[in-house]
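J.: My structure is below; once you've seen it, I'll send some questions.
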Amino acid sequence: MSESKIERLISEDGIRCDGRRLDEIRPIKFQLGVLKNTDGSAYVEWGRTKILVGVMGPRESHPKHLALSDKARVEAYYRMASFSVEEWKSPAPSRREVELSKVIREALEPAIFVEFFPRTSIDIFIEVLQADGSTRCASISAASLALVDAGIPMRDLVASIAVGKVEGKLVLDVQDKEDKAGESDMPMAYMPSKNAVTLLQMDGQITHEEFMQSIELLKKGCMEVYRKQKEAIESHFKGAVSNGEEA
Amino acid sequence: MSQRIVPTVKRKQIIELSESGKRMDGRTLTDYRDITIQTGLVEKADGSSMVSIGGTKVVAGIKFEVGDPFPDIPNEGVMQVGAEFVPFASPEFEPGKPDEVAVELARVVDRGLRESKVLDTTKLCLIPGKKVWIVHVDVYILDHCGNLIDTAALAALSAMLSASMPEACIEGDTVRLTGRRLPMPITDIPINVTLAKIGSRLFVDPSFEEEEVLDCRFSVAFKENGMLCAMQKGESGYITPEEVLRAVEIAKDKSQEIRKKVVECLKLKSDKVGES
Amino acid sequence: MTTFYEPRQLVSPGTLLAEGNYQPGFNVYRDDGKYYASMVGLVDIRNNVISVIPLRGCYIPQPGDLVIGKVVECISTAWMLDIRSPYQGVLFASEFLSKPLNPLKEEARRYLDVGEMVVATVMAFDRTRNPSLTARDHGLGKIHRGTVIDVDFTRVPRIIGKKGSMITMLKKETGAQILVGQNGRVWISGKSRDEEAIIAEAIRKIELEAHTTGLTDRVREFLVSKRR
Numbered sequence: 015m016s017e018s019k020i021e022r023l024i025s026e027d028g029i030r031c032d033g034r035r036l037d038e039i040r041p042i043k044f045q046l047g048v049l050k051n052t053d054g055s056a057y058v059e060w061g062r063t064k065i066l067v068g069v070m071g072p073r074e075s076h077p078k079h080l081a082l083s084d085k086a087r088v089e090a091y092y093r094m095a096s097f098s099v100e101e102w103k104s105p106a107p108s109r110r111e112v113e114l115s116k117v118i119r120e121a122l123e124p125a126i127f128v129e130f131f132p133r134t135s136i137d138i139f140i141e142v143l144q145a146d147g148s149t150r151c152a153s154i155s156a157a158s159l160a161l162v163d164a165g166i167p168m169r170d171l172v173a174s175i176a177v178g179k180v181e182g183k184l185v186l187d188v189q190d191k192e193d194k195a196g197e198s199d200m201p202m203a204y205m206p207s208k209n210a211v212t213l214l215q216m217d218g219q220i221t222h223e224e225f226m227q228s229i230e231l232l233k234k235g236c237m238e239v240y241r242k243q244k245e246a247i248e249s250h251f252k253g254a255v256s257n258g259e260e261a
Numbered sequence: 009m010s011q012r013i014v015p016t017v018k019r020k021q022i023i024e025l026s027e028s029g030k031r032m033d034g035r036t037l038t039d040y041r042d043i044t045i046q047t048g049l050v051e052k053a054d055g056s057s058m059v060s061i062g063g064t065k066v067v068a069g070i071k072f073e074v075g076d077p078f079p080d081i082p083n084e085g086v087m088q089v090g091a092e093f094v095p096f097a098s099p100e101f102e103p104g105k106p107d108e109v110a111v112e113l114a115r116v117v118d119r120g121l122r123e124s125k126v127l128d129t130t131k132l133c134l135i136p137g138k139k140v141w142i143v144h145v146d147v148y149i150l151d152h153c154g155n156l157i158d159t160a161a162l163a164a165l166s167a168m169l170s171a172s173m174p175e176a177c178i179e180g181d182t183v184r185l186t187g188r189r190l191p192m193p194i195t196d197i198p199i200n201v202t203l204a205k206i207g208s209r210l211f212v213d214p215s216f217e218e219e220e221v222l223d224c225r226f227s228v229a230f231k232e233n234g235m236l237c238a239m240q241k242g243e244s245g246y247i248t249p250e251e252v253l254r255a256v257e258i259a260k261d262k263s264q265e266i267r268k269k270v271v272e273c274l275k276l277k278s279d280k281v282g283e284s
Numbered sequence: 003m004t005t006f007y008e009p010r011q012l013v014s015p016g017t018l019l020a021e022g023n024y025q026p027g028f029n030v031y032r033d034d035g036k037y038y039a040s041m042v043g044l045v046d047i048r049n050n051v052i053s054v055i056p057l058r059g060c061y062i063p064q065p066g067d068l069v070i071g072k073v074v075e076c077i078s079t080a081w082m083l084d085i086r087s088p089y090q091g092v093l094f095a096s097e098f099l100s101k102p103l104n105p106l107k108e109e110a111r112r113y114l115d116v117g118e119m120v121v122a123t124v125m126a127f128d129r130t131r132n133p134s135l136t137a138r139d140h141g142l143g144k145i146h147r148g149t150v151i152d153v154d155f156t157r158v159p160r161i162i163g164k165k166g167s168m169i170t171m172l173k174k175e176t177g178a179q180i181l182v183g184q185n186g187r188v189w190i191s192g193k194s195r196d197e198e199a200i201i202a203e204a205i206r207k208i209e210l211e212a213h214t215t216g217l218t219d220r221v222r223e224f225l226v227s228k229r230r
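Chains as they are written, first to last, in this note's numbering: chain Y, 15 to 261; chain P, 9 to 284; chain S, 3 to 230.
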């Protein structure tokens with residue numbers, strides 16, 4: 015605890031330890047269609063957080079008795095590679111990974127027209143290669159691009175980001191160091207064109223006032239991620255836009 | 009996980025009834041069902057409680073154990089929350105490994121307690137860097153009639169507030185129990201409040217049939233001083249940012265109401281806890 | 003009535019396309035009087051119907067579609083066919099054989115075995131049950147010869163071409179028989195294996211360059227150059 019006093023995470027003029035302003039997000043690079051064997055895929059580098067997402071489906075549900083008669087069954091599998099964190103992590107899913115898989119699925123499912131594909135499965139496989147904070151936000155944002163790449167009909171893209179409280183100040187897009195030393199972490203996932211919050215969690219301690227400011231900051235952050243997602247889609251598919259003859 | 013089939017007739021009924029501010033069981037949208045808290049029924053536990061909210065019934069037990077600290081916090085005790093679904097609690101529960109619902113429940117309860125610093129874990133160190141108290145907080149779901157999160161959180165809290173811890177004396181590298189008891193290093197009374205979004209309305213303390221038709225659920229935990237310490241949106245629907253703000257307002261009021269009830273039931277002096 | 007995008011512009015899920023008095027076509031949904039894209043693709047507006055021509059996606063059967071299926075399972079009086087869709091096709095014996103099949107006396111796989119391929123059309127499909135197929139019409143049935151290749155199903159319209167221009171050219175230039183399944187499978191039967199391989203290569207070229215102009219001419223030149 016004494017170390018955090020020596021190393022300040024926010025300087026007096028409001029610059030964070032990695033040089034960002036309080037409301038500045040890290041460099042984010044999305045890429046679609048990075049895998050051959052999936053129906054859709056995406057890769058994201060979000061600061062030093064690196065995540066690969068593959069989507070399989072819609073496909074026949076296996077085992078068949080798990081199929082839902084009125085919609086597609088969506089499953090997310092959030093897994094961290096054993097080498098993705100400082101210390102070796104057992105590849106067996108932890109309780110944290112089980113919970114994150116659930117909330118990530120629940121963050122994406124409202125976007126998907128699951129009712130179009132009764133009795134099928136849509137599986138979203140998320141592999142965190144390197145974790146440096148906000149992995150659930152990066153996973154959700156990349157997974158929604160992998161779903162686009164798979165050609166799965168959706169209401170909107172889901173953009174996600176976290177706000178933390180570090181040294182008494184609210185900061186956007188928490189990285190690992192800030193998360194560990196910070197007083198709170200609040201990730202949100204959002205579909206802008208539906209004004210729909212599909213994931214919202216918080217741990218740590220914030221006042222009611224800070225909570226209301228956080229929601230505003232999260233909306234702003236999600237819009238920035240949303241723009242980056244759209245740019246990635248455009249750059250991936252721009253070859254398709256042309257004056258080609260109509261079919 | 010079995011298929012959740014939404015009873016559409018019931019959903020319509022619940023939504024239309026809520027337009028006049030009413031619910032199927034006669035409550036208003038912001039009412040809790042009856043809450044009962046009973047403590048100390050398991051004598052072999054260091055603390056225990058049986059809590060019910062309406063028909064939902066949860067038993068919680070606290071057990072102290074001498075163990076190793078986490079390497080990154082070598083001088084602090086460890087609190088561990090587990091949730092077990094007893095198969096007779098609902099026809100949907102299956103025996104065996106806890107599934108994702110149980111894992112989420114345990115982790116949401118854990119966050120509410122941990123982040124509020126309900127337990128001062130720095131006071132649970134035995135031999136710095138070597139031996140600390142491990143506090144097991146286990147909740148067993150006995151009857152599921154809706155709103156497991158609040159019931160389980162309240163059970164865990166009540167068990168903790170009513171617990172005492174064993175006194176230990178250190179002789180060199182060994183820990184010896186004296187057989188005497190010490191008060192728990194409690195510093196807060198965090199309260200978790202869950203609301204369901206059904207259609208465009210928010211329902212405090214959703215019943216089982218309301219949970220069957222909900223769009224999503226939203227839980228938020230408050231410390232005694234009014235700070236928010238944990239939050240979780242659950243299920244595959246969505247909520248708007250405006251609804252979130254409203255839900256937090258409602259939950260804040262409700263948390264104070266429930267805290268009062270906890271203090272009364274457990275005959276606590278609320279000034280004993282709080283900022284430490 | 004307002005549209006926010008020009009035809010053939012690239013859009014992605016959630017993009018607001020238009021407001022007002024339109025009809026939602028393929029891959030477009032309506033919410034509160036507004037029309038949004040549900041897929042990545044190109045905007046298409048015809049007679050007030052707004053659609054998005056998909057650039058990615060899986061094949062969803064439609065009644066009347068010609069499909070090429072691979073047998074994956076034989077059940078007593080029917081076959082299950084992989085048609086490159088989330089839903090397997092069902093081909094009942096009565097829709098394949100000209101005589102009734104008595105499952106007590108003979109096995110279905112005598113006529114059609116796992117791994118074999120069939121050209122069929124979709125009779126009915128509503129997503130609650132598997133699509134039912136028929137192979138009784140002229141030109142349909144088991145595939146005995148030729149080459150079958152899988153292509154991206156979103157490229158099928160391009161392989162067929164406007165009013166069949168591309169496929170007509172391919173057939174005319176090569177003299178081969180070609181059937182393009184809506185499910186992204188093409189059957190080619192030429193004079194030789196070499197000939198079939200050249201046509202397959204030409205189809206790959208169409209798939210790859212689907213969004214460029216003057217493609218029909220370039221493919222024709224390609225075929226001519228290969229023939230020499």
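We put the beta carbon where it would ideally sit given N, CA and C, even for glycine.
1. Under 9 angstroms Cβ-Cβ, which residues of chain P neighbour residue 233 of chain Y?
2. With distances taken between CB atoms, is the gap from residue 50 of chain S to residue 29 of chain S smaller than 8 angstroms?
3. Using 8 angstroms as the threshold, is the stretch 157-167 of chain Y in touch with the stretch 184-194 of chain Y, meaning 3 or more CB pairs across them?
4. Rounded to a whole number of angstroms, what is the C-alpha to C-alpha distance between residue 72 of chain P and residue 148 of chain Y?
5. Alpha helix (DSSP H) containing residue 117 of chain P: first to last residue?
6. Can residue 258 of chain P and residue 210 of chain P be called in contact, C-beta distance under 8 angstroms?
7. Got a sec: is the Cβ-Cβ distance from residue 245 of chain Y to anything in chain S below 8 angstroms?
8. Since residue 207 of chain Y meets chain S, which of its residues come closer than 7 angstroms, beta carbon to beta carbon?
9. Under the criterion of a Cβ to heavy atom distance below 7 angstroms, does residue 159 of chain P qualify as lining the ligand SAH?
10. What residue does the alpha helix (DSSP H) around residue 219 of chain S start on, and which one ends it?
11. Taking only runs of the alpha helix (DSSP H) that begin and end inside the stretch 192-252 of chain P, which ones reach a length of at least 4 residues, in chain order?
12. How many Å lie between residue 146 of chain P and residue 174 of chain P at the Cα?
13. Taking 8 angstroms as the CB-CB limit, is residue 58 of chain S close to chain Y?
14. List, in order along the chain, the chain Y residues whose C-beta lies closer than 9 angstroms to that of residue 164 of chain P?
15. Can we say the stretch 216-235 of chain P touches the stretch 172-192 of chain P, given the rule of at least three CB pairs closer than 8 angstroms?
16. When you compare only the Cα positions, how much space is there between residue 65 of chain Y and residue 157 of chain Y?
17. Could you tell me which chain S residues have their CB closer than 8 angstroms to the CB of residue 134 of chain Y, listed as they occur along the chain?
18. Can you round the beta-carbon distance between residue 214 of chain Y and residue 109 of chain P to whole angstroms, since I take them to be within the 8 angstroms contact cut?
19. Measure from the C-beta of residue 168 of chain Y to each C-beta in chain S and report whether the shortest distance is under 8 angstroms.
20. Counting only runs that start and end within the stretch 24-75 of chain Y, where is the beta strand (DSSP E) found for 3 or more residues in a row?
21. Taking residue 162 of chain Y as part of the alpha helix (DSSP H), name the residues at either end of that continuous run.
22. Where residue 17 of chain Y and residue 186 of chain Y are concerned, what is the direct C-alpha to C-alpha distance, given to the nearest angstrom?
23. Should residue 114 of chain S be flagged as near chain Y, meaning a C-beta pair shorter than 8 angstroms?
24. Report the neighbours of residue 240 of chain P on chain Y: residues whose CB is nearer than 7 angstroms to its CB, in chain order.
25. In whole angstroms, give me the CA-to-CA distance for residue 90 of chain P and residue 68 of chain P.
26. If you measure beta-carbon to beta-carbon, which residues of the stretch 151-181 of chain Y are closer than 7 angstroms to chain P?
27. When you check each C-beta in the stretch 179-202 of chain Y against every C-beta of chain S, which residues fall closer than 7 angstroms?
28. Does the distance from the C-beta atom of residue 165 of chain P to that of residue 214 of chain P stay below 8 angstroms?
29. Pull out every residue of the stretch 56-76 of chain Y whose Cβ sits closer than 8 angstroms to any Cβ of chain S, in chain order.
30. Between the alpha carbons of residue 31 of chain P and residue 156 of chain P, how many angstroms are there, rounded?
31. Over the uninterrupted beta strand (DSSP E) stretch that includes residue 150 of chain P, give me the two end residues.
32. Let me check one thing: in DSSP terms, what residues is residue 68 of chain S bridge-paired to?
33. At a cut of 8 angstroms, does the stretch 132-141 of chain Y reach the stretch 60-76 of chain Y through at least three beta carbon pairs?
34. Could you check what DSSP says for residue 156 of chain S in three-state terms: helix, strand or coil?
35. Who pairs with residue 133 of chain P in a beta bridge, going by DSSP?
36. Report the residue ranges of all beta strand (DSSP E) runs contained in full by the stretch 16-98 of chain P; include only those spanning at least 3 residues, in chain order.
T.: With the structure as the only source:
1. Along the first sequence, one-based indexing puts residue 233 of chain Y at 219. Those within 9 angstroms of residue 233 of chain Y in chain P are 249.
2. On the third sequence, residue 50 of chain S is found 48 positions in, with the first residue counted as 1. On the third sequence, residue 29 of chain S is found 27 positions in, with the first residue counted as 1. No, the Cβ-Cβ distance between residue 50 of chain S and residue 29 of chain S is not below 8 angstroms.
3. no
4. Position 64 of the second sequence, counting from 1, holds the residue named residue 72 of chain P. Position 134 of the first sequence, counting from 1, holds the residue named residue 148 of chain Y. Going by the C-alpha atoms only, they are around 34 angstroms apart.
5. As a working mapping, residue 117 of chain P is identified with position 109 in the second sequence. Start and end: 108-123.
6. Mapped onto the second sequence, residue 258 of chain P falls at position 250. Mapped onto the second sequence, residue 210 of chain P falls at position 202. Taking 8 angstroms as the Cβ cut-off, residue 258 of chain P and residue 210 of chain P qualify as a contacting pair.
7. Translated into positions along the first sequence, residue 245 of chain Y becomes position 231. Cβ-Cβ to chain S under 8 angstroms: no for residue 245 of chain Y.
8. Locating residue 207 of chain Y in the first sequence gives position 193, where the first residue counts as 1. By Cβ distance, chain S contributes 16, 18, 38.
9. Here there are no bound small molecules, and the ligand SAH is not part of this structure.
10. Locating residue 219 of chain S in the third sequence gives position 217, counting from the first residue. Its alpha helix (DSSP H) spans residues 217-229.
11. 216-221
12. Working through the second sequence from its first residue, we reach residue 146 of chain P at position 138. Working through the second sequence from its first residue, we reach residue 174 of chain P at position 166. Cα to Cα, the separation comes out at about 18 angstroms.
13. Within the third sequence, residue 58 of chain S is the residue found at index 56, counting from 1. So yes, residue 58 of chain S belongs to the interface.
14. The count along the second sequence starts at 1 and reaches residue 164 of chain P at position 156. Here the premise fails: no neighbours, minimum Cβ distance about 16 angstroms.
15. no
16. The residue you call residue 65 of chain Y lines up with position 51 of the first sequence. The residue you call residue 157 of chain Y lines up with position 143 of the first sequence. Rounded to the nearest angstrom, the two C-alpha atoms are 10 angstroms apart.
17. The residue labelled residue 134 of chain Y in the question sits at position 120 within the first sequence. Per Cβ cutoff of 8 angstroms: 88, 89.
18. On the first sequence, residue 214 of chain Y is found 200 positions in, with the first residue counted as 1. On the second sequence, residue 109 of chain P is found 101 positions in, with the first residue counted as 1. Going by Cβ atoms, the distance from residue 214 of chain Y to residue 109 of chain P rounds to 18 angstroms, so no, they are not a contact pair.
19. For the purposes of this step, residue 168 of chain Y is taken as residue 154 along the first sequence, with counting starting at 1. Output row for residue 168 of chain Y: interface = yes.
20. 42-46, 54-60, 63-74
21. Locating residue 162 of chain Y in the first sequence gives position 148, counting from the first residue. Start and end: 149-163.
22. Along the first sequence, read from residue 1 onward, the residue named residue 17 of chain Y stands at position 3. Along the first sequence, read from residue 1 onward, the residue named residue 186 of chain Y stands at position 172. Because residue 17 of chain Y carries a pLDDT of 46, less than 50, the predicted location of this residue cannot be relied on, and the following value inherits that uncertainty. Between residue 17 of chain Y and residue 186 of chain Y, the C-alpha separation is close to 23 angstroms.
23. For the purposes of this step, residue 114 of chain S is identified with residue 112 of the third sequence, where counting begins at 1. No, no contact with chain Y.
24. Here residue 240 of chain P refers to the residue found at position 232 of the second sequence. Ordered by position in chain Y, the residues that pass the 7 angstroms Cβ test against residue 240 of chain P are 215.
25. By one-based count along the second sequence, residue 90 of chain P stands at place 82. By one-based count along the second sequence, residue 68 of chain P stands at place 60. Rounded to the nearest angstrom, the two C-alpha atoms are 10 angstroms apart.
26. none
27. none
28. Counted from its first residue, the second sequence places residue 165 of chain P at position 157. Counted from its first residue, the second sequence places residue 214 of chain P at position 206. Taking 8 angstroms as the Cβ cut-off, residue 165 of chain P and residue 214 of chain P do not qualify as a contacting pair.
29. 71, 72, 73, 74
30. Here residue 31 of chain P corresponds to residue number 23 of the second sequence, with the count starting at 1. Here residue 156 of chain P corresponds to residue number 148 of the second sequence, with the count starting at 1. Going by the C-alpha atoms only, they are around 19 angstroms apart.
31. Sequence index remark: in the second sequence, residue 150 of chain P carries index 142 (1-based). 139-151 is the extent of the beta strand (DSSP E) around residue 150 of chain P.
32. Within the third sequence, residue 68 of chain S is the residue found at index 66, counting from 1. DSSP lists S:123 as partners of residue 68 of chain S.
33. yes
34. One-based indexing of the third sequence puts residue 156 of chain S at position 154. Residue state, collapsed to three classes: helix.
35. As a position in the second sequence, residue 133 of chain P is number 125, starting the count at 1. In the DSSP output, where bridge partners are listed per residue, residue 133 of chain P has P:140.
36. 43-47, 55-61, 64-75, 86-93
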